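2 protein chains.
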Amino acid sequence: MAHPTLEDVAARAGVSRALVSLVMRGSPKVGKERREAVLRAARELGYRPNMMARGLAAGRTGLVGVLLADLRDPWCAEVHEGLADEAVRRGARLLLTTGRGRAARERAALDDLLGLRPDGVVLASPGMPAADIERAAAGCAVTVVGRSVRSDRVDCVTGDGAAAVRLALAHLADLGHRRVACLDLGPRPSPLRRACPPDAVATAPDEPWRAPEPPTAVLALGDPTGTAALTALLRAGRRVPDEVSLIVVGDSPGARAARVTAVASPAAELGSRAMAVLLDRISGEAPAAGRRDTVPPRLDERDTTRALSLGRREDAPDLRQ
Amino acid sequence: MAHPTLEDVAARAGVSRALVSLVMRGSPKVGKERREAVLRAARELGYRPNMMARGLAAGRTGLVGVLLADLRDPWCAEVHEGLADEAVRRGARLLLTTGRGRAARERAALDDLLGLRPDGVVLASPGMPAADIERAAAGCAVTVVGRSVRSDRVDCVTGDGAAAVRLALAHLADLGHRRVACLDLGPRPSPLRRACPPDAVATAPDEPWRAPEPPTAVLALGDPTGTAALTALLRAGRRVPDEVSLIVVGDSPGARAARVTAVASPAAELGSRAMAVLLDRISGEAPAAGRRDTVPPRLDERDTTRALSLGRREDAPDLRQ
DNA sequence: ATGAAAGCGCTAACAT
DNA sequence: ATGTTAGCGCTTTCAT
């Protein structure tokens, strides 16, 4: 028998379907004897409850759908880590889909998810049109992570990039650094630029060193810029952190592995908070309006930042904002 | 109406449920006029087919479950890329779950997946017990990627690590390198070691340089070792590739970004082949016995390997195997 | 081309 | 404590 049903189990155990159903859902009001007979029959048959049938009949599935923009993005992976941790803690079952960077795929993935009638969905997809999100929210609880959506049926959990930049600049200032270059090597300008001192922003690794007074510290905007900056500095023969300190806004496995000092809102925490918010709403313990939750950035001091030696200090203005 | 049903659409369009069902599944035998009326009603109502009901009634779901060992592992992410590409091409819908490295979680994740009665599942989980895999195969088509399982109801798609090491060694030999150190920096010995010349294996970055004759090339076993090796070499002041060539067995975004020469069976191809094999079996076009498919390694020559300069060549034995 | 009717496997409210 | 029954939303014959 490929897929034994409740009825098969009931027949084998010599009881009614309903009794088996109760046992499978762990009801306390079943005699120990019968319960064990049912469990044994189920095991012998290799019975596995059919979630489709269960969901249909019960009107809810116990499923939480998760849409991740791109699995290859470490940030997404880490958000998922937090989501999954909290889900396990609270007994929710997660189903993932991804759009892999393409808007059309993302829509399709979300549709697939919603077709399964999950009790809620978490959207970790920076680019999805707000209208799609709103549409999804008509059918089930929706929490968006990593961005903010103006809607009162959607909850949002976000980090704070500007605060992260401020924290990084403050840390460098504490270490005595006054000449800090903000490196942004990405193909598109990083939104974090707006939080940097305008004339400190450079878009090529060696650009800051063409100035009469080279920086004593580099603030890299985003993970990719961070790793690129580190190898560029090393290749250019600049000693890190002796000669120049490096701090990255945005943490990633790469920065961690290379022991680069970083500051970011921990993605895993974004995830776990998002899941908590979602499950609260599903169980009806949430305020009616859309909640928004901001996770503060955290500094991970590792091996690429160091206090400026006294001899090199100067009285230039503190870049801290 | 939170979740309009087929019946609601039928009522609004002034037709029968069956007709709506046909239209939703794109049947050709519906008059253009009625079809459009139905489609319009569906759109106006925000109708979305209920996959649960559909799956229950139809006996198959059109769903393919994917179990990924760990999202943070770039290899898994890339396998998924291949899976998803092929799935899109052939019209399958993917649902992911992960065990995040823990065996118990993995079992639970697989159970969740199987409870949804997918038409098939892809298992990208090196550590899962063969018995669990076999059990899953009792209920639906199963393809395992990245490892081999002895079972004739399971299809396997794997890479070939030993061939990758041989290819890497051959490439270095072609470049004139005779003294090659095989670096294995992982916490556990890499299985790839068995494919290396035994006395060439080192477990610390600088170990090879303590020998009287330092290597002219380094072969790193695995991605993590690869990136660790690169930064270690640079930090030690060894010029790459002028002074020493570096080749990594096992490709990853990190190696790609750092432009490290690498050789590996492309994970995306493992994925797409696995999906192809699975869908073939689902549609019944597969041989009865378990298929096994081996994807050959590929060399990605980037910036960390270089031919040994003539002056440094010597007549030591070729390490190629 | 269209409609009617019988389930798919399960839950939940009810009856015993 | 246990059995009965009426659906959940859909697909799929089978009639018309």
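Those protein sequences? They're chains A and B, same order as listed.
Note that UniProt numbering numbers the first sequence so that position 190 is 190, with each residue one more than the last.
Note that UniProt numbering numbers the second sequence so that position 65 is 65, with each residue one more than the last.
Ideal Cβ placement from N, Cα and C applies to all residues, glycine included.
Since we're looking at a predicted model, the values are computed, not measured.
Please list the partners that residue i has in chain B, where partner means a Cβ-to-Cβ separation under 9 Å.
i	result
residue 345 of chain A	Because chain A is modelled from 1 through 321, residue 345 of chain A falls outside the range shown and cannot be assessed.
G127 of chain A	Per Cβ cutoff of 9 Å: no residues; G127 of chain A is ~17 Å from chain B at best.
A262 of chain A	Those within 9 Å of A262 of chain A in chain B number zero; the least Cβ separation is about 16 Å.
A274 of chain A	Chain B residues near A274 of chain A: none, gap ~16 Å exceeds 9 Å.
Work out the CA separation of residue j and residue i for me, nearest whole Å.
i	j	result
V142 of chain A	V121 of chain B	27 Å
V64 of chain A	L123 of chain A	11 Å
P287 of chain A	L172 of chain A	40 Å
R34 of chain A	E285 of chain B	44 Å
A53 of chain A	L233 of chain B	58 Å
D223 of chain A	S252 of chain B	16 Å
R273 of chain A	D174 of chain B	54 Å
R210 of chain B	D73 of chain B	33 Å
R43 of chain B	L246 of chain B	58 Å
R298 of chain A	A164 of chain A	8 Å
T5 of chain B	D132 of chain A	20 Å
T261 of chain A	R60 of chain B	51 Å
R281 of chain B	D280 of chain A	42 Å
A228 of chain A	R188 of chain B	29 Å
V249 of chain B	G226 of chain A	25 Å
A58 of chain B	D119 of chain B	12 Å
D8 of chain A	G46 of chain A	11 Å
R194 of chain A	L230 of chain A	23 Å
R40 of chain B	G146 of chain B	46 Å
P198 of chain B	G176 of chain B	20 Å
DSSP state of residue i, grouped into three classes?
i	result
D242 of chain A	coil
R292 of chain A	strand
T216 of chain A	coil
V180 of chain A	strand
T61 of chain B	coil
R298 of chain B	strand
A276 of chain B	helix
P258 of chain A	At residue 258 of chain A the sequence reads Ala, which differs from the Pro that was named. DSSP places A258 of chain A in coil when its eight states are reduced to three.
A202 of chain B	strand
L221 of chain A	strand
T158 of chain A	strand
L172 of chain A	helix
A236 of chain B	coil
L308 of chain A	coil
A228 of chain B	helix
L185 of chain A	coil
A163 of chain B	helix
A264 of chain B	strand
Give me the chain B residues within the contact set of residue i, using Cβ-Cβ distance strictly less than 7 Å, ordered along the chain.
i	result
A258 of chain A	T231
A220 of chain A	Correct list: empty, because the minimum Cβ distance to chain B is about 14 Å.
Strictly below 7 Å CB to CB, what residues from chain A border residue i?
i	result
D112 of chain B	R93
L116 of chain B	M51 and M52
A130 of chain B	The premise fails here: A130 of chain B is roughly 16 Å from chain A at the closest Cβ pair, so nothing lies under 7 Å.
Identify the contact partners of residue i in chain A, using a Cβ-Cβ distance below 8 Å as the criterion.
i	result
residue 354 of chain B	Shown here, chain B extends from 1 to 321; a query on residue 354 of chain B therefore has no answer.
R238 of chain B	Result: empty, since nearest Cβ-Cβ is about 12 Å, beyond 8 Å.
L56 of chain B	N50, M52, A53 and L56
P74 of chain B	R72
H3 of chain B	R117 and G139
Closer than 9 Å by beta-carbon distance: list the chain A residues that pair up with residue i, in chain order.
i	result
T227 of chain B	G254, A257 and A258
L234 of chain B	T231, L234 and R235
G46 of chain B	R135, A138 and G139
A42 of chain B	Neighbours of A42 of chain B on chain A: none; closest Cβ ~13 Å, over 9 Å.
A268 of chain B	Ordered by position in chain A, no residue passes the 9 Å Cβ test against A268 of chain B, which lies about 10 Å from the chain.
A87 of chain B	The premise fails here: A87 of chain B is roughly 11 Å from chain A at the closest Cβ pair, so nothing lies under 9 Å.
Can you pull the chain B residues whose beta carbon is under 8 Å from the beta carbon of residue i, in chain order?
i	result
A11 of chain A	None at all; the shortest Cβ gap to chain B is about 20 Å.
Note down, one range per segment and in chain order, each beta strand (DSSP E) of at least 3 residues found wholly within the stretch 118 to 154 of chain B. Here the runs fully enclosed are 120 to 124 and 141 to 145.
I'd like the ranges of any beta strand (DSSP E) spanning at least 3 consecutive residues and lying wholly in the stretch 70 to 118 of chain A. For the stretch 70 to 118 of chain A, whole beta strand (DSSP E) runs of length 3 or above, ordered along the chain, are 93 to 98.
Would the stretch 16 to 29 of chain B count as touching the stretch 298 to 315 of chain A if we require 3 or more Cβ pairs under 8 Å? With the cut-off at 8 Å, the stretch 16 to 29 of chain B and the stretch 298 to 315 of chain A do not touch.
Do three or more CB pairs link the stretch 216 to 224 of chain A to the stretch 179 to 190 of chain A at distances below 8 Å? Yes, the stretch 216 to 224 of chain A touches the stretch 179 to 190 of chain A.
Inter-stretch contact at 8 Å, needing at least 3 Cβ pairs: the stretch 88 to 99 of chain B / the stretch 138 to 153 of chain A: By the Cβ test, the stretch 88 to 99 of chain B is not in contact with the stretch 138 to 153 of chain A, since fewer than three Cβ pairs between them sit closer than 8 Å.
Meets three-Cβ-pair contact criterion under 8 Å: the stretch 94 to 113 of chain A and the stretch 57 to 76 of chain A: Touching, yes.
Would you check if there are 3 or more beta carbon pairs closer than 8 Å linking the stretch 234 to 254 of chain B to the stretch 131 to 139 of chain B? Output reads no: the stretch 131 to 139 of chain B does not touch the stretch 234 to 254 of chain B.
Which complete alpha helix (DSSP H) runs does the UniProt domain "HTH lacI-type" (4 to 58) of chain A hold, if anything under 4 residues is left out? Those alpha helix (DSSP H) runs which fall completely within the UniProt domain "HTH lacI-type" (4 to 58) of chain A and span 4+ residues are 6 to 13, 17 to 24, 32 to 45 and 51 to 58.
State whether the stretch 155 to 169 of chain B contacts the stretch 204 to 211 of chain B, with contact taken as three or more CB pairs (one from each stretch) at a distance under 8 Å. In the pairwise beta carbon analysis, the stretch 155 to 169 of chain B is classified as not touching the stretch 204 to 211 of chain B: fewer than three pairs are separated by under 8 Å.
contact_flag[the stretch 76 to 84 of chain A, the stretch 252 to 271 of chain A] where n(CB pairs < 8 Å) is 3 or more: Three or more beta-carbon pairs separated by less than 8 Å link the stretch 76 to 84 of chain A to the stretch 252 to 271 of chain A, which places the two stretches in contact.
Touch test, the stretch 125 to 134 of chain A against the stretch 104 to 111 of chain A, Cβ-Cβ under 8 Å, three pairs minimum: Three or more beta-carbon pairs drawn from the stretch 125 to 134 of chain A and the stretch 104 to 111 of chain A are found closer than 8 Å, and the two stretches are therefore classed as touching.
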